[in-house]
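J.: Residue numbers (the UniProt record's numbering): 1 to 128. Supplied in structure tokens, the structure appears directly below.
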């Protein structure tokens, strides 16, 4: 038996623009390193150095977020290099292209961009 639908307009598909925006949001939040960068930037009122972001990601991936890189030791040197390369060449450019972060190449500092707060809001809702 088929149910009668009183409002056929409610069955319309979302606009292509809304679907593209949702897809772009999921693409940006799909990678854990990008989510870690956004969370670190949300914790700070000032721009954060790339070195600080690298340390934050390394410690989070190591499960040592409450410690410092110095206390973890030399075991993370290779990991730190790989994280720095991935942030520099992949994740920060992707976030910057979407205006989620602003990267100052002179001072090597990163801050939330024009779309950063909106994406953080979506990340918070996903976490809940």
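For every residue, glycine included, the Cβ atom is placed at its ideal position computed from N, Cα and C.
Please classify residue 32 as buried or exposed, where buried requires at least 16 other C-beta atoms within 10 Å of its C-beta.
T.: It is exposed - the Cβ of residue 32 has fewer than 16 other Cβ atoms within 10 Å.
J.: Only counting the same chain, and skipping five residues up and downstream in sequence, which positions put a Cβ closer than 8 Å to that of residue 88?
T.: Cβ neighbours of residue 88 beyond the five flanking positions: 50.
J.: My guess is that residue 83 and residue 58 are in contact by the Cβ rule of under 8 Å, so how many angstroms apart are they, rounded?
T.: Between residue 58 and residue 83 the Cβ distance is about 5 Å, and since that is below 8 Å, they are a contact.
J.: Quick check: residue 47 and residue 110, are their CB atoms within less than 8 Å of each other?
T.: Yes, they are a contact pair.
J.: So, with DSSP's three-state summary, where would you put residue 107?
T.: Here residue 107 sits in coil by DSSP.
J.: When we look at the beta-carbon of residue 116 and count the other beta-carbons within 10 Å, is it buried (16 or more) or exposed?
T.: Buried, by the Cβ-count rule.
J.: Distance, Cα to Cα, residue 122 vs residue 85?
T.: Cα-Cα distance, rounded: 27 Å.
J.: Grab me the residues of residue 91's own chain with a C-beta within less than 7 Å of its C-beta, minus the 5 sequence neighbours each way, in chain order.
T.: Correct list, in chain order: 31, 33, 34, 37.
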